[in-house]
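Protein chains in written order, with the numbering used here: chain A, 870 to 1213; chain B, 816 to 1077.
The C-beta atom is built at its ideal place from N, Cα and C for all residues, glycine as well.
A short write-up of the structure that comes next.
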Amino acid sequence: MTASAVRGRTRVVVLFAVLAVALVVVSVVSAGAGQYGLPVSDVLRALTGKPLADPFAEGALWAVRFPRVVMSLLVGAVLGVCGALMQGSFGNPLAEPGVVGVSSGAAVGACLSIVFGWTFFGAFTVPGTAFAAGLVTTFAVYALSRSSGRTGTVSMILTGVAVNAVAGAVVALLMFIGDQAAREQIVFWQLGSVAGARWSYVWVAFPLVAVTALASLLVARRLDLLALGDRQARHLGVDVERLRLLVICAVAIGVSAAVSYAGIISFVGLVVPHLIRMIVGPGHQVLIPASLLGGAVLLAAADLLARTAVQYADLPIGMVTALIGGPFFFWLLRKNRTKAGGWA
Amino acid sequence: MIAAEGVSVRLGGALLVDGVSVELRVGEVLVLVGPNGAGKSTLLAALAGDLPVAGGRALLDGEPVQGWRPVEAARRRAVLPQHNPVSFPFDVRSVVEMGRAPWRGTEQEDDDDTAVAEALRDTGVEHLVDRAYPTLSGGEQARVALARVLAQRAPAVLLDEPTAALDVRHQELVLSLAHRHARSGGGVLVVLHDLGLAAAHADRVAVLDAGKLVAVGPPAEVCTADLLSAVYRHPVEVFPHPRTGVPVVLPVRSREEQECLS
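Dropping the structure here:
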C-alpha cells in the first residue's frame, strides 16, 4: 500500500470514530436538554434501565425526549444517505432527494389530508397520505422522463423541476382553499419538525429507513462507476437503468418516510455528502455509510439547537438547518473549489 | 470480434449511418476515418451497443451486441468515448481501477493490481496516481481514460479519437499500444482524424462519408489522393515517405499553392 493509501485509510477510520462519538454525545445531551432539563447522568441511568428518582422526568424522557431524538437520528440518516444516492446516481453534486419530486409530492399528500380533514388512518393519516403521494410523484417523474427505455439525467432533473412546480401550485391552491387552522398546520409542516415524534411513529419509520440504508450499501460500488457517465458505466458492465431504478425506489421509500413524519427538512441531503466527500473523497463505499452517520448527527444537533436556542420556543428544524447550513456550506465550497477542481 | 452487418442508425429522424458492413478481425488495428459528420462516432456507438440500430446487425462475438448482459459485453470489449468527464474528484488510481469492475467476483480479479499498474505505466500516468481527475489537463485526462480502458483487458477495444488531445509523442504512444494489443490477440477499432496517423498505423483503413462506407482496405490501397480528395472535398496529396515508404497524407495548403503559382 502506498503512503497516500495509508493516509486515506487513516482518515476514514478517524472520520467514523468521530461521527460515532458525536452521535452518542449529541443524542445523550439532546435527550437531557429542553425546558425540563436533566443531567447527563440521569439520561445514562434511564438508558441502562434503572429508575430515576423523579418519575415525572423518567416519563418525559421515555415518552417525549427519546422518541424525538431517535426520530431526528432516523430522519437525518435517511436524508444523508438519500442525498449521497441522488448525487451519485445522477453524477451531479447538486442533486438532492427533492429533485425527483419526492418532497413536494409528499407535501401535496399531507396538505390534502390536512385541508380536507381526512382521518381514515387516525393519527397516521397525514404521514400516510404524504408517504403515498411522495412515492407516486417520484415514480411519475421517473416514468415521464423515460424515453426509448432510457432515462437521461438532464431529462429527469428537468421533469422533476416541472413536477415540483405543479406540486408547489397544488400546495398553494390547497392553502388558499383551506381554513385558518389548516393553513397554519401546512406552514408548520412545510418548515419541518420532529416535535411530535412518538414511539409508534418511530416503529413505522424505522423499517423503511432500514430498507433504504441496506439498498444504498448494496449499490455503493456500482455508483462509483456512474461518475464516469452513463455510457462509460454501461461499457463497464453496469445495468444503468436497473441501478437507477433501484436508487430511485430506495430514495422514494426513505425520503417519503422521513418527510411524512418530519415535514420538509431541506439542505441535509445536499450538504452532508459534500462535507463527507471533502474529508474522505468521493468513493461511495465510504461516502454512503458516513453520510448516514453524518446526517443523523447533523439533524440531532439541529433539533437540539431548535429546542434550546430560544427559551419556550420550538423553532422549525428546517429553518435551523438552512439558516446555519447555508452560509457554512457556501464558505466550504469556496474554500475547496480550487483544490477539488471546480464545484465538485 | 466486432462486426457491422449492413448497420443503419437513425437519430432524431436523420439517417447518420447507412448500411455499413465492416468487421474488426483478431490481430488488427482498424482505423475509421472520414470528414466531420460522416458518422464515425455514431457507427462506433452502435457497435458499442450505446445506440440501437435501425437496420442491419451490430455483432459482438457473433451475437447482437444489445443482446449481451452488460457485464458479459464488458468482459469482451472495452470502449473509450470521445469525452470522458468524471463528475466527482476521484483520484487517478480509482478511475483506472474502475476498469476492473467487469471482473469482480471472477478469477481474473486476482489480476486487478497488475492490470492497473501496467495500464498506468503504459500510458505514462504513474506520476499522477494521487491527483484528482478533474484537476488534470485535457491530455492527461485522455491518457488516464485510456488507462482505464486498457485495465479492462477486454479483447476487443473501441477507441473514439483517442489522440485528439495529445501531443505528438503521446499520439504515437497510443497507436503503438493499440498495435501491441492487436498483436497479442486482441483487435482495436480506432476513430482518427489525422490521416497521416491513420496511414502510418492502420492494418486496414475504413473510410466513411455521409454515413456510407466508401472504401476499406490496407492504407496503401485506400489512402489515395483521388479518394481522399473526393471524400474530404479538399485536395489531398499522398506520397511515399522517402525513408520508410509509408504513405504520407497531406492536405494541399492554399497558401503554398498560391506561392507556387506566383
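Between the segment 1150 to 1168 of chain A and the segment 872 to 889 of chain A there are three or more C-beta pairs closer than 8 Å, enough to call the two in contact.
Straight-line spacing of the CA atoms in Leu963 (chain A) and Thr1028 (chain A) works out to 16 Å.
Cα atoms of Gly849 (chain B) and Pro896 (chain B): separation of roughly 17 Å, rounded to the nearest angstrom.
Proximity of Ser902 (chain B) to chain A, defined by a Cβ-Cβ separation below 8 Å, is satisfied.
For Pro996 (chain A), the number of other beta carbons within 10 angstroms of its own is at least 16, and it is reported as buried.
Membership of Gly821 (chain B) in the beta strand (DSSP E) is indicated by the continuous run 817 to 826. DSSP places Ala1021 (chain B) within a strand segment (E or B) once states are collapsed to three. The beta-bridge partner set that DSSP reports for Lys919 (chain A) is empty.
Listed in chain order, the positions of the segment 1061 to 1072 of chain A with a beta carbon within less than 7 Å of a beta carbon of chain B would be empty, since no residue qualifies. The three-state reading of DSSP puts Ala829 (chain B) in strand, counting E and B together. Against chain B, the beta carbon of Gly1152 (chain A) has neighbours under 7 Å at Ser909, listed in chain order. Taking a C-beta distance under 8 Å as the contact criterion, Ser958 (chain A) and Arg1113 (chain A) qualify as a contact pair.
Around Asp1093 (chain A), the same chain offers Gly1152, His1153 as residues with beta carbons nearer than 7 Å, after the five sequence neighbours per side are excluded. In this structure Ser899 (chain A) is buried. Its beta-carbon is surrounded by 16 or more other beta-carbon atoms within 10 angstroms. Of all residues in the segment 863 to 891 of chain B, only Ala863, Gly864, Asp865, Pro867, Arg884, Pro885, Val886, Glu887, Ala888, Ala889, Arg890 come within less than 9 Å of chain A when Cβ atoms are compared, listed by chain position. A Cβ of chain B is located within less than 8 Å of the beta carbon of Ser873 (chain A). For Val1120 (chain A), the enclosing alpha helix (DSSP H) begins and ends at 1109 to 1131. Taking a cut-off of 8 Å for Cβ pairs, the segment 1115 to 1126 of chain A and the segment 924 to 931 of chain B do not touch, as fewer than three such pairs fall below it. Put simply, the CB of Ala902 (chain A) is far from chain B, with every gap to its CB atoms at 8 Å or more. Annotation for Phe1054 (chain B): the continuous beta strand (DSSP E) segment containing it runs 1051 to 1055.
For Ala1013 (chain B), no beta strand (DSSP E) encloses it; the enclosing alpha helix (DSSP H) starts and ends at 1010 to 1016. Non-local C-beta neighbours of Val837 (chain B) in its own chain, meaning closer than 7 Å and more than five positions away in sequence, comprise Ala819, Ala1021, Leu1028, Val1031, ordered along the chain. The three-state secondary structure of Asp1183 (chain A), taken from DSSP, is coil. The criterion of a C-beta distance shorter than 8 Å is not satisfied by Arg840 (chain B) and Gly1000 (chain B). Val1040 (chain A) has a beta carbon lying at 8 Å or more from every beta carbon in chain B. Listed along chain B are Met913, each with a C-beta nearer than 7 Å to that of Asp1093 (chain A).
Counting along the chain, the unbroken beta strand (DSSP E) around Ala971 (chain B) starts and ends at 971 to 975. Going by DSSP, Val933 (chain A) is part of no alpha helix (DSSP H) at all; its letter is neither H nor E. Exposure of Lys919 (chain A) is indicated by the presence of fewer than 16 other C-beta atoms within 10 angstroms of its C-beta. In the three-state scheme derived from DSSP, where H, G and I count as helix and E and B as strand, Arg1048 (chain B) is classed as coil. With the criterion set as a beta carbon lying under 8 Å from some beta carbon of chain B, the members of the segment 1127 to 1158 of chain A are Arg1146, Gly1150, Pro1151, Gly1152, in sequence order. In this structure, Val1166 (chain A) lies away from Leu948 (chain A), with their beta-carbon atoms at least 8 Å apart. Taking 8 Å as the cut-off, the beta carbon of Leu1105 (chain A) is found closer than this to the beta carbon of Ala889 (chain B). About 18 Å separates the CB atoms of Ala993 (chain B) and Val911 (chain B); that is not less than 8 Å, and the two are not in contact. Shown here, Pro1062 (chain B) sits in a strand according to DSSP, grouped into three states.
Take Ile1133 (chain A), set aside five residues on each side of it, and the residues of its chain with a beta-carbon closer than 7 Å to its own are Ser972, Ala976, Gln1059, Gly1061, Gly1187, in chain order.
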